[in-house]
Amino acid sequence: MKDLKEFTIPFVGLKLGKHQFNFELKKAFFEHFEYDEFNDAAINLDVLLEKMSTLLEFTLTYNGTVNVACDTTNEPFDQEVDGEYKFVVKFGDEYNDENEDLLILSHGSYEVNIQQYIFESIVLAMPSRKVHPGVKDGTLKSDILDKLEELSPKDLDEQSEPEDDNTDPRWDSLKKLLTDK
86 MKDLKEFTIP
96 FVGLKLGKHQ
106 FNFELKKAFF
116 EHFEYDEFND
126 AAINLDVLLE
136 KMSTLLEFTL
146 TYNGTVNVAC
156 DTTNEPFDQE
166 VDGEYKFVVK
176 FGDEYNDENE
186 DLLILSHGSY
196 EVNIQQYIFE
206 SIVLAMPSRK
216 VHPGVKDGTL
226 KSDILDKLEE
236 LSPKDLDEQS
246 EPEDDNTDPR
256 WDSLKKLLTD
266 K
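For what it's worth, our numbering labels the leading residue of the sequence shown as 86, then goes sequentially.
Here it is as structure tokens:
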């Protein structure tokens with residue numbers, strides 16, 4: 086996958102200390118990763134880079150909304166997403182990104198691309214079940230909800246039919262065995 090240039094941070098020219106970067110994430114960012122769960126996105130991302138002599142410490146703070154389809158009704162709605170993710174960049178003999186909170190760049194590297202960390206932290210911050218707020222509070226009117234209500238199992242009181250007093254006479258003789266002791 087090709088790196089997006091705006092998420093490549095050259096750290097060689099930066100002084101030791103904290104540096105702030107701001108990004109606006111739209112739907113195109115997620116389409117780059119071939120992720121089609123979001124209909125639209127409007128997320129503000131603040132990246133805090135703390136440069137130290139032997140390592141770089143990144144803090145990604147994001148908040149905004151993504152338009153997703155409800156898992157129950159398939160109606161689109163805006164889901165709020167916010168969170169924070171921290172990871173460390175160290176330097177070693179060879180590139181290694183096996184650890185999710187530690188990225189090892191080879192000595193002599195002068196820039197780091199953080200797009201994968203941004204993508205993963207936002208996607209993992211999404212709730213596992215996306216439910217339209219109208220479904221939760223009962224204000225959403227939709228054909229799917231009406232059909233689900235129609236097909237849902239009813240209470241036992243509603244389902245049970247009044248018992249019929251006319252039973253099969255063969256069972257009556259068996260019932261006598263239970264009472265004749």
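Positions of the beta carbon are idealized from the N, C-alpha and C atoms, including for glycine. Everything numeric in this text was worked out from a predicted model, so none of it was measured.
For LYS260, the secondary structure class from DSSP, reduced to helix, strand or coil, is helix.
If you draw a 10 Å sphere on the C-beta of ALA126, you find 16 or more other C-beta atoms in it, and that means buried. When the Cα atoms are used, MET211 and GLU235 turn out to be separated by approximately 30 Å. Each residue's CA atom was taken as its position, placing LEU187 and VAL173 some 5 Å apart. Leaving aside the five residues that flank HIS104 on each side, the residues in its chain whose CB is nearer than 7 Å to its CB run, in chain order, LEU134 and LYS136. Under the Cβ criterion (8 Å, minimum of three pairs), the segment 148 to 162 does not count as touching the segment 174 to 184.
Note that the C-beta distance between THR144 and GLU169 is below 8 Å.
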